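Positions -21 to -1, 1 to 388 (mature numbering (1 follows the signal peptide of the UniProt record, and there is no 0)) are the ones given, in order, by the sequence shown.
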Amino acid sequence: MRHFLLIFYFLFSICSLTVRTNIYTMKGKRCQRNTVEEIKNTGCDLSRSINAAYKYKIIVFYSQRLVFNTLDDVNRLLKQLLVFIASCCLAKPNTECFYSENIIFQGRICEDKISLSKNKQAALCCEQDHLERERCFHNLQNNPPISLPSMGDGISTDEECLAWTANKHGFIESYLHGFARRLTKFTPSLATNVFHSFLLIYMKCCEQSESRLSCFVTEKNVFPENMRTKMRLENTMCLMNKYWENGLRALVFYAKMKPSDPLEKAIDFDNNYMALASQCCMSESLTSECFETWSGVLFAHICSLMENNLQKACCLKNIPERETCLTELAVEESKTLPNVSIDAEQLCRLRQNLQLLRWIVYEYSRRNPQFDVKKNLDSAVRVNGLITYCCATNNPSDCISSISEHFHA
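Shown next as structure tokens:
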């Protein structure tokens, strides 16, 4: 059997050379870095974009993680957050200003003695480093320490409408706080979206003095289905499970971010990720991750596996900067990978065992971390198709040699 020591020269090396001859920079700096503070001041950026809608999302964030806090406690945290992010615009900002939004928000929890005294589990989270702390708070969202009764029990619709009419702003904050404490698994955007539908009931029914009770009965009977619809539309992990091809995008992502790791680890990551996606399609096993963006969940999971200090520093950033930071490190790491040596017989054996596409996806992606997931997957699928065609011919070796130009595109 003719061996192809250079068979993947056209498959991978051209792309590897592209990596080697392009220097990826950010604000004039080479990709190696010693600090995490050099790119984006998240806190200062936040201080310039805070509006009423964003404040409501912050109320949700704190209410979900601190279920024993009163609304006054939550508003105190909000004020402390506003003071902190304003300080991020000063000449010498706090290091935490350069971390992700979640880390900045959680930092205010960990500085608030009243909140920590009321919420013992949250206090335990604050004893951990930033990345472990974030995972701890996620676990707290999914396993709240108390089960709260339904909202509005024992309160008449007339009393609720009186409260709504007297102080709409106070009513909104009070009910949003109560909502968030009960919907801890929702993202702040989903919680506020669901709450908006709930609020419309009061806006509509409180205007109807004669048929108020029947209006509330009708609207509140419809509300659960409206909420389920919003949950279904925001359940990105379940939607991904239905439409992603064999879960290979998660494998691509892992190979991109950790080029030196073996295929087996990439497969484990892929299997675990797709198991979570499948779990999100079952109403009895929903978690907070089901409503996060698929990329957000991917980065959260990959960051839990990072051991290198530079990689951990990247994981403290918001996702756009986190991705750029980790990709730059992966590009450097990919340059150390050995050349691939494999012959046509081995390739066709992989195809027979239904392992060819997965192997190509892994090898292609870890040598091209600078490309996005879709581009790596599309390229790997194209290569797989051409090799599959060749393996069905009488002379796979010559066929694979003859189609080498297709891999240069």
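Every residue gets a Cβ at the ideal spot worked out from N, C-alpha and C, and that includes glycine.
What you are looking at is a predicted structure, and each value in this text was computed from that prediction instead of being measured.
Residue i (DSSP reduced to helix, strand or coil)
{"i": "T219", "result": "The question names Thr, but residue 219 is Met in the sequence shown. M219: helix per DSSP, three-state reduction."}
{"i": "M285", "result": "coil"}
{"i": "V352", "result": "helix"}
{"i": "K235", "result": "helix"}
{"i": "N121", "result": "helix"}
{"i": "P203", "result": "helix"}
{"i": "D137", "result": "helix"}
{"i": "P317", "result": "coil"}
{"i": "P128", "result": "coil"}
{"i": "D108", "result": "coil"}
{"i": "K296", "result": "coil"}
{"i": "L265", "result": "coil"}
{"i": "C304", "result": "helix"}
{"i": "N363", "result": "helix"}
{"i": "S381", "result": "helix"}
{"i": "residue 389", "result": "Given that the chain is displayed from residue -21 to residue 388, the structure contains no residue 389 and the question cannot be resolved."}
{"i": "S190", "result": "coil"}
{"i": "N172", "result": "helix"}
{"i": "S376", "result": "helix"}
Cβ-Cβ distance between residue i and residue j below 8 Å
{"i": "C23", "j": "P72", "result": "yes"}
{"i": "A256", "j": "M219", "result": "yes"}
{"i": "N332", "j": "S344", "result": "no"}
{"i": "V46", "j": "I134", "result": "no"}
{"i": "C89", "j": "C105", "result": "yes"}
{"i": "L336", "j": "A359", "result": "yes"}
{"i": "T215", "j": "E271", "result": "yes"}
{"i": "C259", "j": "C217", "result": "yes"}
{"i": "A229", "j": "L277", "result": "yes"}
{"i": "T21", "j": "I83", "result": "yes"}
{"i": "K221", "j": "L169", "result": "no"}
{"i": "L60", "j": "R87", "result": "yes"}
{"i": "L119", "j": "Q107", "result": "no"}
{"i": "D52", "j": "S94", "result": "yes"}
{"i": "V362", "j": "I339", "result": "yes"}
{"i": "N98", "j": "N54", "result": "no"}
{"i": "L50", "j": "K34", "result": "no"}
{"i": "P348", "j": "S380", "result": "no"}
{"i": "R160", "j": "L192", "result": "no"}
{"i": "E152", "j": "I38", "result": "yes"}
{"i": "Y233", "j": "I180", "result": "no"}
{"i": "K19", "j": "F63", "result": "no"}
Residue range of the alpha helix (DSSP H) that includes residue i
{"i": "A371", "result": "No alpha helix (DSSP H) contains A371, which DSSP labels as neither H nor E."}
{"i": "F165", "result": "Segment: none, F165 is in no alpha helix (DSSP H) and carries neither H nor E."}
{"i": "D247", "result": "242 to 258"}
{"i": "Q331", "result": "323 to 331"}
{"i": "E271", "result": "From DSSP, E271 is part of no alpha helix (DSSP H); its letter is neither H nor E."}
{"i": "S344", "result": "335 to 345"}
is_contact[residue i, chain B] using C-beta, thresh 8 Å
{"i": "M253", "result": "No chain B is part of this structure, which consists of one protein chain only."}
Would you call the segment 145 to 152 and the segment 236 to 255 touching, i.e. three or more CB-CB distances under 8 Å?
no
Taking three-plus beta-carbon pairs below 8 Å as touching, is the segment 363 to 381 in contact with the segment 324 to 341?
yes
Any contact between the segment 298 to 314 and the segment 187 to 207? By contact I mean 3 or more CB pairs, one from each, below 8 Å.
no
Between the segment 156 to 164 and the segment 29 to 46, do three or more beta carbon pairs fall short of 8 Å?
yes
Per the contact definition of three or more C-beta pairs closer than 8 Å, is the segment 171 to 179 in contact with the segment 202 to 214?
yes
Give the list of continuous alpha helix (DSSP H) stretches no shorter than 4 residues that lie fully inside the segment 15 to 101.
21 to 26, 31 to 44, 50 to 66, 80 to 90, 92 to 97
Does the contact criterion of 3 or more C-beta pairs under 8 Å hold for the segment 256 to 265 versus the segment 281 to 301?
no
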